[in-house]
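Heads up: the structure comes next, in structure tokens.
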Amino acid sequence: MRGLSREDIIKMKQRRRTLKNRGYAASCRIKRIEQKDELETEKSQEYQDMELMEQDCNLMREELHAYSLKCEALIKFAAKHKIHIPIELATV
Numbered sequence: 001m002r003g004l005s006r007e008d009i010i011k012m013k014q015r016r017r018t019l020k021n022r023g024y025a026a027s028c029r030i031k032r033i034e035q036k037d038e039l040e041t042e043k044s045q046e047y048q049d050m051e052l053m054e055q056d057c058n059l060m061r062e063e064l065h066a067y068s069l070k071c072e073a074l075i076k077f078a079a080k081h082k083i084h085i086p087i088e089l090a091t092v
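Be aware that the sequence shown starts at 1, since it is given in full-length UniProt numbering, and climbs by one per residue.
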């Protein structure tokens, strides 16, 4: 840097700072894009998991309804044939 005017030294330092800042900004952009991609992938996986849980819930709801109908039918059958059912089992 010897032999350069003060103004040239200031310009070189400013240029160096500008180039460093561009590099930092570029790495920040890349990092932000990578994080966004990771979050979108995670979000997509969460939605898939949620859909599977909804399907499981609907299936269980259908099974529960079927068991309720069977239980009601058994209670009616027992009443028709005068079969005693304990109170704790007779409530649906």
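Ideal Cβ placement from N, Cα and C applies to all residues, glycine included.
Remember, predicted model here, so these are calculated numbers, not experimental data.
C-beta contact flag for residue i and residue j at 8 Å
i          : j             : result
alanine 78 : isoleucine 85 : yes
Helix, strand or coil at residue i [DSSP, three-state]
i             : result
lysine 11     : helix
isoleucine 83 : coil
leucine 52    : helix
serine 27     : helix
serine 68     : helix
threonine 18  : helix
serine 5      : coil
threonine 91  : coil
Cutoff 8 Å; reference residue i; Cβ partners in own chain excluding five residues on either side
i             : result
arginine 15   : none
methionine 53 : none
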